[in-house]
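In our numbering, the protein residues as written are 70 to 161.
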Amino acid sequence: MKSGYTYIMTNKRHTVLYVGCTIDLAWRVAQHKSHFYKGSFTDRYNCEQCVYYESFPDYKSAIRRENQMKNMRRAEKIALVEAVNPEWRELV
70 MKSGYTYIMT NKRHTVLYVG CTIDLAWRVA QHKSHFYKGS FTDRYNCEQC
120 VYYESFPDYK SAIRRENQMK NMRRAEKIAL VEAVNPEWRE LV
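Put into structure tokens, the structure is as follows:
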């Protein structure tokens with residue numbers, strides 16, 4: 070079974086948070102940065118910085134975590150980011 074990642078993308082001013090999951094984090098972040106999917110949420114709001122991610126041994130776990138994170142309040146997502154990345158640096 071393939072491993073998976075759940076991640077948070079943001080824009081330069083950190084006003085938007087996007088939660089996603091993938092099996093190839095570097096490839097997926099590159100897609101966000103290049104605005105590969107025109108008109109998508111990350112394209113419209115310029116979410117080009119990956120500031121948080123978690124890895125999982127299987128993709129189903131990553132999907133479950135993505136759904137949990139999407140149901141979190143913004144403050145909870147910010148707390149996740151700041152716990153491991155207090156300066157909001159680009160991680161990928």
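Note that beta-carbon positions come from the ideal geometry of N, C-alpha and C, so glycine has one too. Keep in mind it's a predicted model, so treat the numbers as computed, not measured.
So, under 8 Å CB-CB, residue i and residue j are touching, yes? Tell me the CB distance rounded to an integer number of Å.
i	j	result
Ala95	Val153	About 18 Å; that fails the 8 Å criterion.
Gly175	Cys90	With the chain covering 70 to 161 only, the question about residue 175 has no answer from this structure.
Can you tell me whether residue i is helix, strand or coil according to DSSP?
i	result
Ser86	The sequence shown places Leu at residue 86, rather than the Ser named in the question. Three-state DSSP puts Leu86 in a strand.
Val161	coil
Glu123	strand
Tyr106	coil
Met141	coil
Compare the beta carbon distance of residue i and residue j with 9 Å and say whether it is the shorter of the two.
i	j	result
Lys102	Glu117	yes
Asp112	His104	yes
Val150	Asn115	no
Considering only the alpha carbon of each residue, which of the options lies closest to residue i?
i	options	result
Thr75	Arg142, Ser109, Lys129	Lys129
> With a cut-off of 8 Å, do at least 3 Cβ pairs link the segment 73–82 to the segment 120–127?
Replying inline: yes
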